[in-house]
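Residue numbers -11 to 263, in this note's numbering, belong to the letters of the sequence shown in order. Built from N, CA and C at the ideal position, the CB exists for glycine as well. To start, the structure itself, in structure tokens.
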Amino acid sequence: MSEENKFSPAPIPKNEERRLEAVRRTGVMDVDNKDLFIVYNELAKQISNMPVSYTGLIDERRQYMLCHVGLPEDMPADAIRENTFCQYALNSTEPLIIENCKEDHRFKYHPIVTGPPFVHFYGGFPIVNQAGLVLGTLCVTDTDSKAKLDQDQIKLLEKLTSRLAHQLETQVAQREITASKTKSLLLETQRKFPDFNITDLIAFLSLIQGDQLGSKEKQLLKYNKLINDDNQMTDVARLFQKKIGLDSGIFRRMVTSNDNIQENLDNMLNELDIS
């Protein structure tokens, strides 16, 4: 095959440096978050009536698959960036819809177009953060030559991808807030209680969270004047809690922010309704 008949890499986006930094900030590359994101691909498959949907973020050298439906379960989690369809979706915030990959000058020589599974349709929906940077894509593909998306389906998929982008940004914000509060907690603990070890700190956090305390934990807290003889928080403890900005409600939200969240497909479809 001549050089001009080979699949070629996409142009590098002009904002690539900022885009790569935004991808790194998500903190999801190489992290198994399938349970958080699979709902988006299930919905994309349902909306598009296509057999395959996948979500991936792209850094400087690869596309990392957050999750997918309709692809082999044992497929690698990442692919070389220069070999992907989705690299072409990084240069615009608008969907990249290719109804016939065999006739598209960018895709017609790709191995999965010229050979098995003979992909015919590709729809790449950019995952765009609030700064307008494209982190990756939510995609649907089909091998059927009749596969198409109408305008209503495209609008639904755009809304779905926007929700996915919002979830990524929310996770970034939660992680940064948690990290900031944790850092403040450790620094203030070191200043206020220089003899505290990790066991002492865990005991105090258990107290804030309202957990049942064991006798050893109570002893540690009493020694540091953080609970009284009735095992109630002292003024010293409450002042310290206020100092680190860690009231019980905030702390519980931090603890549960990474819990597995299974959203209902029908509810999400209703929320995405474009009528």
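Taking just the CA atoms, how far does residue j sit from residue i?
i, j, result
"Thr196", "Asp140", "In the sequence on display, residue 196 carries Ile and not Thr. Going from the Cα of Ile196 to the Cα of Asp140 covers about 49 angstroms."
"His264", "Ile190", "Residue numbering for the chain in the displayed model covers -11 to 263; residue 264 lies beyond these limits and cannot be assessed."
"Gln75", "Glu164", "28 angstroms"
"Ile232", "Lys204", "24 angstroms"
"Leu156", "Arg12", "12 angstroms"
"Leu137", "Ser36", "7 angstroms"
"Lys(-6)", "Leu144", "34 angstroms"
"Met38", "Gly58", "9 angstroms"
"Asp218", "Leu175", "29 angstroms"
"Val160", "Gly112", "23 angstroms"
"Asn248", "Thr170", "Summary for Asn248: the model assigns pLDDT 41, below 50, so the residue's position carries little reliability; its value from the coordinates is reported in the next sentence. Cα to Cα, the separation comes out at about 22 angstroms."
"Phe192", "Gly202", "12 angstroms"
"Cys127", "Glu9", "22 angstroms"
"Gly237", "Gly198", "Only weak support exists for where Gly237 lies, its pLDDT of 49 falling under 50; the coordinates are left without a value."
"Pro105", "Arg49", "24 angstroms"
"Ser194", "Asn21", "27 angstroms"
"Ser80", "Ala167", "32 angstroms"
"Gln(-1)", "Ala77", "Note that residue -1 is Pro in the sequence shown, not Gln. Answer to the nearest angstrom: the Cα atoms are 10 angstroms apart."
"Asn88", "Leu31", "23 angstroms"
"Thr158", "Asn117", "11 angstroms"
"Leu208", "Ser172", "22 angstroms"
"Thr222", "Arg179", "19 angstroms"
"His154", "Val122", "13 angstroms"
"Lys230", "Phe181", "15 angstroms"
"Val93", "Lys2", "Sequence check: residue 93 is His here, not Val. Roughly 22 angstroms between the two C-alpha positions."
"Ile262", "Glu4", "With a pLDDT of 46 at Ile262, under the threshold of 50, the predicted position of this residue should be treated as unreliable, and no value is reported."
"Gln162", "Thr14", "11 angstroms"
"Val16", "Val101", "29 angstroms"
"Gln51", "Ala225", "48 angstroms"
"Met242", "Asp18", "Note on Met242: pLDDT 42, under 50, position unreliable in the model; the coordinate value appears next. Taking the straight line joining both Cα atoms gives about 22 angstroms."
"Pro(-3)", "Thr187", "53 angstroms"
"Met63", "Arg151", "26 angstroms"
"Leu148", "Gly103", "31 angstroms"
"Glu61", "Met53", "12 angstroms"
"Lys134", "Lys90", "13 angstroms"
"Thr129", "Tyr110", "5 angstroms"
"Thr177", "Lys206", "18 angstroms"
Within 10 angstroms of its Cβ, does residue i collect 16 or more other Cβ (buried), or is it exposed?
i, result
"Asn212", "buried"
"Arg240", "Only weak support is given to the placement of Arg240: the predicted model assigns it a pLDDT of 44, under 50, and the question is left unresolved by the model."
"Asn29", "buried"
"His56", "buried"
"Pro83", "buried"
"Gly120", "exposed"
"Pro114", "buried"
"Leu227", "exposed"
"Gln313", "Missing from the structure shown is residue 313; the chain here goes from -11 to 263 and no further."
"Gly124", "buried"
"Gln200", "exposed"
"Ile86", "buried"
"Ile215", "buried"
"Arg7", "buried"
"Glu146", "buried"
"Asp132", "exposed"
"Asp183", "exposed"
Have a look at the DSSP bridge pairing and note the partners of residue i.
i, result
"Leu84", "Gly112"
"Ser41", "Val57, Val128"
"Asp66", "Tyr52"
"Met221", "Ile215"
"Ile46", "Gln51"
Between the segment 62 to 69 and the segment 96 to 108, do three or more beta carbon pairs fall short of 8 angstroms?
Too few Cβ pairs lie closer than 8 angstroms, so no.
Which ranges would you report for the beta strand (DSSP E) in the segment 105 to 157 if only whole runs of at least 3 residues count?
For the segment 105 to 157, whole beta strand (DSSP E) runs of length 3 or above, ordered along the chain, are 109 to 116, 122 to 130.
State whether the segment 13 to 33 contacts the segment 41 to 49, with contact taken as three or more CB pairs (one from each stretch) at a distance under 8 angstroms.
These segments touch.
Contained alpha helix (DSSP H) runs [length at least 4] in the segment 171 to 219, N- to C-terminal order
Fully enclosed alpha helix (DSSP H) runs of 4 or longer: 186 to 197, 203 to 211.
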